[in-house]
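In my numbering, the protein residues as written are 54 to 333.
See below for the structure under consideration.
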């Protein structure tokens, strides 16, 4: 499969055109330094409302605010030059009405410079997705396990195991695709259903705890590299264990400070020789 041109930022139409083609590689990013590390390797960076749990220690994504998403979205845009950046609309910013959703999404796009927004929901959110896309706001959908609905769903559990639940997720996916979403995240959904949806939907699917058949995959970066250890979902593969390395570095630093080994002569500033020009 061909690899996309990485000399410029990937666009929403390019991601949409990847249906059935080269898999879309996606990761989350919340900060400028992390975006800089990921940018050359992924097609899409998602500034997810998962930052509430990963960065702020919240119990869920529900307390995340629009201002938080905008601040982190702008930070990721500053740290990236190649990836398509998508920013989550947080809980409460878009569910009230299509007009409220437009106001929130317009702020996000204007104040961050991102390419698209993501929102959760299915049949009930289809009119909102259509309202946004008709007004120039690209939308990434999200069905299956939708964390903003955790209280209604009864927790973070795999979705689609019953026939009724499976049918509802399928209806949600088709409604959001038909409303104009350029792609669809399928999260925490039983594999056969995610595979079938990928085959049947006209837009790319991006899986997280879904199916290897999806048109792309996404993970939370801190899960990927071992920097978030509160819990590890079944669908996460750890590619590094940076958490223990950070702890070990902090321990070594603390030992050096307590033993007065740090700072050393090479870490402090010597006075300038007499008669030299002072620093500007």
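Don't be surprised by glycine CBs; every beta carbon is placed ideally from N, CA and C.
On a predicted model such as this, the values are computed, not experimentally measured, just so you know.
- A direct Cα-to-Cα measurement between residue 199 and residue 243 gives close to 14 Å.
- Looking at the DSSP output, residue 258 shares a beta bridge with 237.
- Counting of Cβ neighbours within 10 angstroms places residue 146 among the buried residues, the total reaching 16 or more.
- Setting aside the 5 residues that flank it on each side, residue 78 is surrounded in the same chain by 94, 95, 96, 97, 269 and 270, each with a C-beta closer than 8 Å to its C-beta; the list follows chain order.
- Of the other Cβ atoms in all chains shown, fewer than 16 fall within 10 Å of the Cβ of residue 304; this residue is therefore exposed.
- Proximity of the stretch 253-260 to the stretch 220-233 meets the contact definition, three or more beta-carbon pairs being nearer than 8 Å.
- Note: residue 97 is bridge-paired with 79 and 137 in the DSSP secondary-structure output.
- For residue 303, there is no enclosing beta strand (DSSP E); the residue is found in the alpha helix (DSSP H) stretching over 295-311.
- Looking at the DSSP output, residue 317 bridges to nothing.
- Between residue 151 and residue 180, the alpha-carbon positions lie close to 7 Å from each other.
- DSSP places residue 163 in no beta strand (DSSP E) but in the uninterrupted alpha helix (DSSP H) bounded by 151-165.
- Residue 123 carries a helical assignment under DSSP once its states are collapsed to helix, strand and coil.
- Taking C-alpha positions only, residue 80 is separated from residue 311 by approximately 39 Å.
- The residues 291, 293, 294, 295 and 296, in chain order, have a CB closer than 7 Å to that of residue 279 in the same chain once the five nearest residues on each side in sequence are set aside.
- Contact check for residue 158 against residue 139 fails: the beta carbons are separated by 8 Å or more.
- In the structure shown, the three-state DSSP call for residue 115 is coil.
- Per the coordinates, the alpha-carbon of residue 325 lies some 22 Å from the alpha-carbon of residue 315.
- Residue 167 has its alpha-carbon roughly 11 Å from the corresponding atom of residue 128.
- Boundaries of the alpha helix (DSSP H) around residue 277: 274-277.
- Annotation for residue 236: 68, 69, 77, 193, 194, 256, 257, 258, 259, 268 and 269 place their beta carbon closer than 8 Å to its own, counting only its chain and skipping 5 residues before and after.
- Here the C-alpha atom of residue 246 lies approximately 17 Å from the C-alpha atom of residue 287.
- Nearest C-alpha to residue 201 among 301, 215 and 117: 117.
- Taking every protein chain shown into account, the CB of residue 185 has 16 or more other CB atoms within 10 angstroms, so this residue is buried.
- In this structure, the beta-carbon distance from residue 234 to residue 175 does not fall below 8 Å.
- If you draw a straight line from the Cα of residue 165 to the Cα of residue 156, it is about 14 Å long.
- The three-state reading of DSSP puts residue 89 in helix, counting H, G and I together.
- Between residue 132 and residue 89, the C-beta gap is smaller than 8 Å, which places the two residues in contact.
- Taking every protein chain shown into account, the CB of residue 298 has fewer than 16 other CB atoms within 10 angstroms, so this residue is exposed.
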